[in-house]
Amino acid sequence: MKPRVLQKWLTGACAGALAIIASLVLTGIAEAADNKAFGPVPKLKVDAKKAALGKRLFFDVRLSGDAAISCASCHMPDKGFADGLPLAKAYPGSGGFRNAPSLINTAHRAAWFWDGRLGTNLNDVTRESLTEDWMMNMDMRLMQERIKQDPVYVKMFKEAGYGEPSNGSVRKAIPEYLKTLISTGSAFDAGKLSARAQSGFELFKGKAGCAACHSGPRFTDDQPYNTGVPNNPEIWKNPMRHTTYVAFGLFMGIENIYNQRRDVGAHIRTHKADGSDIGKFMTPSLRELKYTAPYMHNGMMKSLKQVVAFYNRGGGDDPNKDSRMKPLNLSKAEQGDLVAFLESLSGKPLTGAAYVWKDKIPTDYPVIKDWRKAKN
Ligand code: HEC
Ligand code: HEC
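Numbering (our numbering), first residue to last: 385 to 760.
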């Protein structure tokens, strides 16, 4: 089924059917990272030409419906491929209701988005990012025609082995580029922890219990939990953001969405009748946090100090809170050590030409004459 057709069909379907579809799409979560060991994030094998094409596409505003925003509008290289805002912006005329996650190491995830609603692959995540009306609101057929007009793309698609530009290959090239965004150069990976960071690492694995969920090279088990992060009232105060959330909720089959006063998180996948899955969010990676404040699915925490204080209190106030969230009784010094450890997990910013399309993307190429008959 074409994504648009699927979307229309889904809109008409009942909540039960949606739940089944969501859980089918999300089976990837079960195969979460089995590598619990800490260590550098493994590099991925990348096809250089396909990744270069993906890089240009990532920074190209013509991939959004009205050519106003690119992927990089919300995933900015100098902000760790997040955007520095509590809640992301959205396609002009709508407002975002989630924090934009970093895309560094995202190619290693087992499921994507804060609720983990896509557990298949980055090809699907790319499609969703392009076509969702509150993201880039792009019609893939129009996108394909736009790209075919640009001689630089025609050449790059051919050189990458894709033949003529097509929406299918856009959805392959962008993920290939995302595979190049891997953490590198942190003090942790270099084995150069300060005494405070080293003490923080011991707390992290021991007394503070962080490693129960933040495990493996990316410091995440790719599973959803309720830690009791407070709701962001902005989503209910700001009509643009609220409307977007309601539309998303209707689409995902959230029960009683008009009276819902919180982001239900992973509940959209499991739809438990008793609501015990409400407020679960995917464990994020702890890499590159230096660049990606504010934190949590709704940007409710401004600093790592605030995050650690939150855990020290035993997390937030939520009936569904994970049982491991208990007051930690850490001293001020110990909390500082944990922050120093978290800071040691940030490496070199991925802002060089290897990661960023630095050239201007010109759009003043001549119109192709009789384009319906023209072969690229
Ligand atoms: C308008 C802002 C915006 C734009 C434009 C945007 N994103 Fe995102 N992106 C977000 C937000 C917000 C989320 C989290 C959404 C959620 O959890 O529901 C996200 C999530 C993601 C994720 C999942 C990350 C994770 O760790 O789960 C990937 C991958 C991603 N975006 C890639 C892209 C790509 C590729 C593009 C361009 C085709 C793009 N995004 C365009 C805001 C944006
Ligand atoms: C029960 C599992 C669990 C435990 C234990 C846990 N975390 Fe988390 N962590 C999460 C989840 C889930 C989130 C996202 C919550 C949200 O956004 O609602 C998160 C978010 C974070 C973030 C924000 C990252 C970002 O990019 O927004 C930081 C930092 C963090 N945790 C550090 C820690 C530290 C330090 C500890 C130990 C004191 C810890 N965590 C213990 C599951 C856990």
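Positions of the beta carbon are idealized from the N, C-alpha and C atoms, including for glycine. Predicted model, so just to flag it, every value in this text is computed and none were measured.
Just confirm the distance between the C-beta atoms of Met-666 and Trp-498, as a whole number of angstroms; I'd bet it's less than 8 Å.
6 Å
Please report how far the alpha carbon of Ile-405 lies from the alpha carbon of His-655, in whole angstroms.
Below a pLDDT of 50, predicted positions are generally treated as unreliable, and Ile-405, at 43, falls in that range; no measurement from the model is reported.
Ligand 2 and Met-524: does any heavy atom of the ligand fall closer than 8 Å to the residue's C-beta?
no
Straight-line Cα distance separating Ala-495 from Gly-412:
Only weak support exists for where Gly-412 lies, its pLDDT of 40 falling under 50; the value from the coordinates is given anyway. The straight-line gap from Cα to Cα measures roughly 6 Å.
Measure the Cβ-Cβ separation of Asp-706 and Tyr-561 and say whether it is below 9 Å.
no
Output the distance between the C-alpha atoms of Ile-488 and Asp-444, rounded to the nearest integer angstrom.
19 Å
Buried or exposed: where does Lys-753 fall if 16 or more other Cβ atoms within 10 Å of its Cβ makes it buried?
exposed
I need the DSSP call for Pro-601, collapsed to helix, strand or coil.
coil
I want to see whether chain D comes within less than 9 Å of Ala-758, judged by CB atoms only; does it?
Any reference to chain D falls outside this structure, which holds one protein chain only.
For Leu-673, the residue or residues it bridges with in DSSP
Answer is none; Leu-673 lacks a bridge partner.
Tell me, please, which residues DSSP counts as bridged to Tyr-609.
Phe-665
For Gln-582, report the span of its alpha helix (DSSP H) as first-last.
579 to 589
Who does Met-460 pair with in a DSSP beta bridge?
Ala-466
Determine the burial state of Lys-439: buried for a count of at least 16 other Cβ atoms within 10 Å of its Cβ, exposed for fewer.
buried
Rounded to whole angstroms, what's the CA-CA distance from Gly-659 to Ile-638? Just pull it up for me.
11 Å
Please give me, in chain order, every unbroken run of the beta strand (DSSP E) with length at least 3 that falls completely inside the region 447 to 521.
none
Given a threshold of 16 other Cβ atoms within 10 Å of its Cβ, counted over all protein chains shown, does Ala-491 qualify as buried or as exposed?
buried
Determine which residues share a DSSP beta bridge with Gly-649 and list them.
Lys-664
Ends of the alpha helix (DSSP H) at Asn-763?
The first residue shown for the chain is 385 and the last is 760, placing residue 763 beyond what the model contains.
For the region 635 to 652 against the region 574 to 594, are there 3 or more C-beta pairs whose distance is under 8 Å?
no
Where does Met-685 fall in DSSP's three states?
strand
Compute every distance between the C-beta of Gly-480 and the non-hydrogen atoms of ligand 1, then say whether any falls below 8 Å.
yes
At what residues does the alpha helix (DSSP H) containing Leu-437 begin and finish?
432 to 442
May I ask which residues mark the beginning and end of the alpha helix (DSSP H) holding Ile-619?
618 to 621
In terms of residues, what are the limits of the alpha helix (DSSP H) holding Leu-712?
No alpha helix (DSSP H) contains Leu-712, which DSSP labels as neither H nor E.
For ligand 1, I want to know if Tyr-335 counts as a neighbour, meaning its beta carbon is within less than 8 Å of at least one of the ligand's heavy atoms.
Because the chain is modelled from 385 through 760, residue 335 falls outside the range shown and cannot be assessed.
May I ask whether a heavy atom of ligand 1 can be found less than 8 Å away from the beta carbon of His-626?
no
I need the straight-line Cα distance from Asp-606 to Asn-622, nearest angstrom please.
31 Å
Should Pro-608 be listed as close to ligand 2, given that the test is whether its C-beta is under 8 Å from any heavy atom?
yes
Measuring CB atoms only, is the region 528 to 546 touching the region 644 to 653, in the sense that at least three cross pairs come out at less than 8 Å?
no
Between the Cα of Leu-565 and those of Lys-759, Trp-755, Lys-744 and Ala-737, spot the shortest distance and give me the residue it belongs to.
Ala-737
Using 8 Å as the threshold, is the region 673 to 684 in touch with the region 448 to 467, meaning 3 or more CB pairs across them?
yes
Over the uninterrupted alpha helix (DSSP H) stretch that includes Arg-530, give me the two end residues.
524 to 532
Beta-carbon within less than 7 Å of Val-691's beta-carbon, same chain only, minus the 5 sequence neighbours each way: which residues are those?
Tyr-679 and Met-685
If you drop the 5 nearest sequence neighbours on each side, which residues of the same chain put their C-beta closer than 7 Å to that of Lys-626?
For the sequence presented, residue 626 should be read as His rather than Lys. Contacts found: Ile-619 and Trp-620.
Would you identify the three-state DSSP class for Tyr-629, choosing helix, strand or coil?
helix
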